[in-house]
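Counting the sequence shown from 1 gives a position; our numbering is that position plus 7.
Here is the structure we will look at, set down as structure tokens.
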Amino acid sequence: MTLQELTDQIRTKAAHADSLNATAKLVTDQGVVYIDATQSPAIVSNDDKPADCDLHVSVSDLVKMGTGDLNPMMAFMSGKLKVKGDMGVAMKMGQVMG
Numbered sequence: 008m009t010l011q012e013l014t015d016q017i018r019t020k021a022a023h024a025d026s027l028n029a030t031a032k033l034v035t036d037q038g039v040v041y042i043d044a045t046q047s048p049a050i051v052s053n054d055d056k057p058a059d060c061d062l063h064v065s066v067s068d069l070v071k072m073g074t075g076d077l078n079p080m081m082a083f084m085s086g087k088l089k090v091k092g093d094m095g096v097a098m099k100m101g102q103v104m105g
């Protein structure tokens, strides 16, 4: 999956991110996806801006989490997913994107 495909997929899912009321940034091996869900509809871009929560994960592991082949909690515990910032936002992101 390319960064553009990932961005487009997240943009579709972020349409339901009103409950997040925060900003988040996915930092991948292919680039950044920034989600601003402080407004409706949420804005998704590839801008590298400060966020309430940074999620560091490879695109391949992110795809595995999306298909259910990798449990997000196991990814976090094994170091495949690293969270910097507000852990509450990270938990909400999982619910919104799941």
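We put the beta carbon where it would ideally sit given N, CA and C, even for glycine.
- Report the partner residues of lysine 89 according to the DSSP bridge assignment. Note: lysine 89 is bridge-paired with His63 in the DSSP secondary-structure output.
- Item | For leucine 88 and valine 51, the rounded distance between their alpha carbons | Valine 51 and leucine 88 have their C-alpha atoms roughly 20 Å apart.
- Query: Just the Cα atoms here: how many angstroms apart are isoleucine 42 and valine 70?
  - Reply: When only Cα atoms are considered, isoleucine 42 and valine 70 end up about 17 Å apart.
- Query: Among residues of its own chain, excluding the 5 on either side of leucine 77, which ones have a beta-carbon nearer than 8 Å to its beta-carbon?
  - Reply: Taken in chain order, the residues that qualify are Asp68, Lys71 and Lys87.
- May I have a chain-ordered list of the alpha helix (DSSP H) segments no shorter than 4 residues that lie completely inside the segment 12 to 75? Along the length of the segment 12 to 75, whole alpha helix (DSSP H) runs at least 4 residues long occupy 66 to 74, reported in chain order.
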